[in-house]
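Working notes, structure below.
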Amino acid sequence: MAHDNRYTGQKFQVVGNRFERPDGVDKVTGRARYGADANAPGQLVGLVLRSPHAHAEIKKIDTSKAEKLAGVKAVITSADLPDHTGGNRGMMDILENCMARGRALYDGHAVAAVAAVDAQTARKALKLIKVSYKKRPHVTDVDEAMKDTAPVIHDWVFTGGVDPKPSKPSNIANRTQMGHGDVDAGFADADVIVEHSYKTEQTHQGYIEPHACLASVNPDGSGELWVTTQGPFSYRTVCANLLGMDIAKLKVTSSEIGGGFGGKTHVWTEPLALALSRKANRPVKLVMTRDEVFRATGPTASTSIDVKLGASKFGVITAATLELRYQGGAFPGPWGMLGCMTGFACYNIENQRSVGYDVIVNRPKVAAYRAPSAPMAAYAVESAMDILAQRLGMDAVDLRLLNVAKEGTKAPYGPIYGPIGIEASLRAVKDHPHRKGKLKKNQGRGIACGFWFNIGGQTCVDLNIGTDGTVNLAVGTVDVGGARSSMGMIAAEELGISYHDVKVSVADTASLGHNDTTEGSRGTFSSGMATIFAARDAIDVLKTRAAKMLDVPVEDIVWEQGQARATGKGHGNLPSLTLKEIAAKSGSTGGPIAGHNEVVADGAGMGFACHIADVEVDPETGHSKILRYTVVQDAGKAIHPDYVEGQFQGAAAQGIGWALNEEYIYGADGTLQNPGFLDYRIPVCSDLPFIDTTILEIPNPNHPYGIRGVGETSIVPPLGAIGNAIADATGVRMHHAPMSPVRVLDALDAAAAQAQVSAG
Amino acid sequence: MQISLNGVLRSGADGAASVEIEAATIRELLTKLVERYPGMGEHMEQGIAVAINGVVYRDDWTVAIPPDAEVFLMPRIAGG
């Protein structure tokens, strides 16, 4: 049945409350089952042998000694993963990333894997595998990789998006250009022009739970995969494709997830676990170490960005350009393009141009990380906005408000915006008490804005009403940020029952139709929409059953406050029937009562945020301490405000880590020097103040409840906000993130030396 | 009607920033687009989203395109 997805201004009884989380007890008592917590009789331990070289030809892999070791049940190389991709380059990239095919493309690239009866035997077997490498020149820096002198990593990559098509292969996979207006004329009209370059380093999502799975493939070609993932249906499709299996014969169950943030939207070792299981004819459990997670899963791009803004003396931006260079690791990616689409998204700029380059280097294949590509572009743009405000003598918020994007503004990527929340976010920041707090010596304050698209996509839910009136809701989007609670609230809202009468489960791939991966802040938007529609279908069934029970035409039944009531002449004395009463008689009125919905949830509402950061910079160490931090973001509608605030705070915390500490450090030999949490430092509680939040609710017109996504946008502003705060505190502008103590100290020293020179 | 192309997609349409195509639905639009510009097929494989009056449709080809709508084709994006 077709349903209307338009926002109606519906009043809520359940939605908007702060109920206890349904997974809380299991998580704090250790009962929750994560990726590594599943076991099967006869299971083996899987381990992966990884390249110690940044770039090397694999001359030979001798597995004979490992195979003869007692307790080893299977050894695989790329020869055990034949090409089933049918010429699909993207799938081949995934296959090659999972297991090297003739060349190791980065430090940590898998070259072989074993399955043995225990971990000790598996470790011994790895040592017995002899790989003959011939090292090749490597490149890990994005700017170096673009030079003509750089070693070309793939002979099949010719720069796309340029005319004429190049005749020589290149590390530049794609050039993207977008924008509108006449930037030359716009700069000619400008009274003030600011122009700078920025760099950001590679960061990792840093989820606490490493990748883990239990794979079991049967001789009849069927299989099961228990795995920590954001996308069980996508994992099923990709793994089945790579292993030549039928999709329906591979059942994927997503475990409880200990963080993903985009890093668990792609397969890494899961196809290897399935291949090992197929070869050994035993279940195989494969859990990555933290070292492996850093070296061989999907961190962000590192970047190099040039930004130029021109403005009238009154502060109106007349032209803006960005050149964005993003490295995507050893395979092509969309990252530069996404930088182009997001960089100027918060502003109404008549003349703008963004050019993005996607660059291949000898690093792991980049994956999404909360609003992928947007934080780096925003770091450059929001820093430039602050510099422009200073040059013009304007308040940083007022300059942004003067140029803010609104409904009807043409986005950098082309379309016009519908109703959006960036102006409201800026006004909330302008009036926020945080902005009025006094600062002391070495302390500074910065603001910055951020944007992320949010997406919808294919979604499917099942809602089943038990004979006692309690409800099972099966969803196919993974609970990465409160989905079980939010979906339960939505189902309760529609049915008119208690939140506590709804039990929500994340279904496996054999139990529900396809659901797109839980990414792009789509979970609550998409599954929320499907849940509303499924509940409304169930209400239609309930009304039909009530009509039978009351012996009246179904057209005379209305559903109000969780009850069926007969209206019309002659029905005045009939009792209302509660959902529980109707459910109790369901066996006699037609059988089980259920609602189902499959939908392509389109019309996602754009997400905008503005942050305020206060920092104190220690001039002796260069250490920047976050004193106070405020997030203002438009949620569209906050179904469960605790979770929405948690998303704002979590995204801000990750952005703060990116801004101040986190970075991949590669040695001259192209190997990663800090693949562990001791040397790759994410913020801990003692590093952060309480992150204050303000939820704005500007309804998305394309969702019945007005929902937008909330999971990603707030990772975008922190780099810019903190850079601006450091500049306010020290008078020194940082052009390289993370703005770690050593970089800040170097910048302070350089500024002091320059001041001495200037003083003569 | 005028169909605007995001910069990424223009290589599939001989570099054009916009093309004139009469279509009542997204399906009709994309079918005619690939017929006229076979180079768009590669972009279709990678995923195209259609923005109609600012509302982004990633998947549903049955959506009707109103007359005089602002139609913008852009790459389909995912997220984290």
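In the order they appear, the protein sequences are chains A and B. No gaps in the numbering here: position 53 of the first sequence is 40 in this note's numbering, and each next residue is one more. In this note's numbering, each residue carries its 1-based index in the second sequence increased by 370. Cβ coordinates follow ideal geometry from the N, Cα and C atoms, glycine included.
Among the residues of chain A, those whose CB is under 7 Å from the CB of residue 385 of chain B are 150, following chain order. For the pair residue 593 of chain A and residue 569 of chain A, the CB atoms are not nearer than the 8 Å cut-off. Chain A has a Cβ within less than 8 Å of the Cβ of residue 444 of chain B. Residues of the segment 374 to 408 of chain B with a C-beta atom less than 7 Å from some C-beta of chain A are 374, 376, 377, 378, 381, 385, listed in chain order.
Put simply, the CB of residue 589 of chain A is near chain B, with a gap under 8 Å to one of its CB atoms. Contact of residue 21 of chain A with chain B by beta-carbon distance below 7 Å is absent, the smallest such distance being about 20 Å. Spanning the alpha carbons of residue 181 of chain A and residue 374 of chain A requires a straight line of approximately 7 Å. If you look at residue 672 of chain A, you'll find it isn't in any beta strand (DSSP E); DSSP assigns it neither H nor E. Rounded to whole angstroms, residue 375 of chain B and residue 338 of chain A show a C-alpha spacing of 17 Å. At least one beta carbon of chain A lies nearer than 8 Å to the beta carbon of residue 421 of chain B. Rounded to the nearest whole angstrom, the CA to CA distance from residue 228 of chain A to residue 176 of chain A is 55 Å. Residue 155 of chain A sits in coil when the DSSP states are folded into three classes, being neither helix nor strand.
The three-state secondary structure of residue 79 of chain A, taken from DSSP, is helix.
Boundaries of the beta strand (DSSP E) harbouring residue 679 of chain A: 678 to 683, taken from the DSSP string. Closest option to residue 637 of chain A, judged by alpha-carbon separation, among A:293, A:704, A:656: A:704. Between the alpha carbons of residue 490 of chain A and residue 580 of chain A lies a distance of about 16 Å. Rounded to whole angstroms, residue 342 of chain A and residue 250 of chain A show a C-alpha spacing of 26 Å. Ranked by how close their Cα comes to the Cα of residue 610 of chain A, the residues A:426, A:464, A:728 have A:728 in first place.
As a beta-bridge residue in DSSP terms, residue 595 of chain A pairs with A:438. Against residue 440 of chain A, the close residues of chain B are 426, 447, 449, in the order they occur along the chain (beta-carbon pairs closer than 9 Å).
Secondary structure note for residue 366 of chain A: its alpha helix (DSSP H) is the uninterrupted segment 361 to 379. For residue 407 of chain B, no alpha helix (DSSP H) run applies, since DSSP gives it neither H nor E. At least one CB atom of chain B sits nearer than 8 Å to the CB of residue 163 of chain A.
According to the DSSP assignment, residue 333 of chain A belongs to no beta strand (DSSP E), since it is labelled neither H nor E. Interface with chain B (8 Å Cβ-Cβ cutoff): residue 506 of chain A is included. For residue 214 of chain A, the closest C-alpha among the options A:162, A:402, A:274, A:39 is that of A:274.
Residues of the segment 384 to 412 of chain A that bring their beta carbon within less than 9 Å of a beta carbon in chain B comprise 394, 395, 398, 400, 401, 402, 403, 404, 405, in sequence order. For residue 532 of chain A, the uninterrupted alpha helix (DSSP H) segment begins and ends at 510 to 537.
A residue is called buried when at least 16 other Cβ atoms come within 10 angstroms of its Cβ; residue 680 of chain A meets this threshold and is buried. Within the segment 118 to 145 of chain A, the runs of alpha helix (DSSP H) at least 4 residues long that lie entirely inside it are, in chain order, 129 to 132. Beta-bridge annotation (DSSP): residue 451 of chain A is paired with A:459, A:581. Within chain B, the residues 450 have their CB atoms less than 8 Å from the CB of residue 356 of chain A, given in chain order.
The DSSP-derived three-state label of residue 550 of chain A is strand. Under the Cβ criterion of 8 Å, residue 438 of chain B is not counted among the residues facing chain A.
Using beta-carbon distances, residue 642 of chain A does not count as an interface residue toward chain B, since no partner is under 8 Å.
When secondary structure is reduced to three states using DSSP, residue 644 of chain A falls in the helix class.
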